[in-house]
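Numbering (this note's numbering), first residue to last: 1035 to 1312. Virtual Cβ for every residue (Gly too), placed ideally from N, Cα, C. Bear in mind that the values here come from a model prediction, so they are computed numbers and not experimental data.
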């Protein structure tokens, strides 16, 4: 029986381990090099939905998403003035279209991803029976302040104004408005007691953290213009060399898994028929 001398056997073992470590290190380095950080600007109504989508995307792809939330109008202004976002999810598809007209996007990358919905929302501690009163809850004598998103730059604010005008209430309650910088801040105003009631996105009202503390009545879709929400890949993605990863994320939102998340938070899909009288 042949025996390998102990010192030679030890050297072979050390060599094998060293090779294995080298392979693992090279592989890990390659994976890290392929991973990309994606700079995303998203309308505040996506606050909860897009975070769920991002978590799954990051887990499956290894890419990382740096998310900024705010009002679509403000993001439009920032991008127009050079903000380095790589993809923009707007609550109004017209903003991406305007950016495309200004040659600030990758051509032919605009896509609709959802249709937004509005609700009148109160906390559970409120004495107002919003489910029964509907839009007339805004006229309740106990209401001193009504929160809506700023209609100058927030699509949900414009839709709220349109809905109130549709029901003939706008002029009666306008003096009570408290304007949120975006729809998420609008919800915070009501939740914190800085407003008694308000009009917010269904996608926020459906989030577990708000469902636990609030009640709502959905405003009929016929009461305000269709809120088609759209996204676009920005030219910065190509300049940064991250277009492929950004495109992968854009496609991910439109997969069955991405759409399922959006539906769970109350969004309609663009092709669905139950939107604004269709």
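- In this model, residue 1183 and residue 1172 are separated by some 15 angstroms (Cα to Cα).
- In this structure, the beta-carbon distance from residue 1214 to residue 1193 does not fall below 8 angstroms.
- A distance of 8 angstroms or more separates the beta carbons of residue 1210 and residue 1166.
- Bridge pairing for residue 1103: 1076 [DSSP].
- A direct Cα-to-Cα measurement between residue 1099 and residue 1073 gives close to 6 angstroms.
- In the DSSP assignment, residue 1147 falls within the unbroken beta strand (DSSP E) covering 1145-1149.
- In the three-state reduction of the DSSP assignment, residue 1116 falls in the coil class.
- Per DSSP, residue 1236 lies in no beta strand (DSSP E); the unbroken alpha helix (DSSP H) holding it starts and ends at 1236-1239.
- In this structure, DSSP gives residue 1138 a state outside helix and strand, which the three-state scheme calls coil.
- The C-beta distance from residue 1143 to residue 1287 rounds to 12 angstroms, too long to fall under 8 angstroms, and the pair is not in contact.
- By the Cβ neighbour-count rule, residue 1151 is buried, with 16 or more other Cβ atoms within 10 Å of its own.
- CA-to-CA, the gap between residue 1294 and residue 1271 works out to about 26 angstroms.
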